[in-house]
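Notes follow once the structure below has been shown.
Here it is in structure tokens:
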């Protein structure tokens, strides 16, 4: 029986590893797209956080600017992981993205 997807926000301060954790979960659950797997295999630097960065400013600035969603499916449940900014100045973006969540994972470094 497949339930409705569970929306989970990844909360935490800037540079605590939220995006990296999501990237690693995507890899470990075989949830990466073919293109992302190829991108990862071509890269010398395995930066799991960059798997979610859609804006060049995010890759260059090394932190999330806007909300991104990642999808993980397991036999028992589907998850939508919501990657939100941790930077203080982007609090509005973090709150907007987190408002759709039913659960949260708090990442502490």
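Residue numbers (this note's numbering): 281 to 389. Glycine included, every Cβ here is placed at the ideal spot set by N, Cα and C.
Contact between the stretch 315 to 326 and the stretch 342 to 361 is absent: fewer than 3 CB-CB pairs across the two stretches fall below 8 Å. Taking the CA atoms as reference points, residue 327 sits about 10 Å from residue 299. Ranked by Cα distance from residue 367, the options 375, 360, 381 are led by 375. Residue 290 is bridged by DSSP to 363, 385. In the three-state reduction of the DSSP assignment, residue 348 falls in the strand class, which pools E and B.
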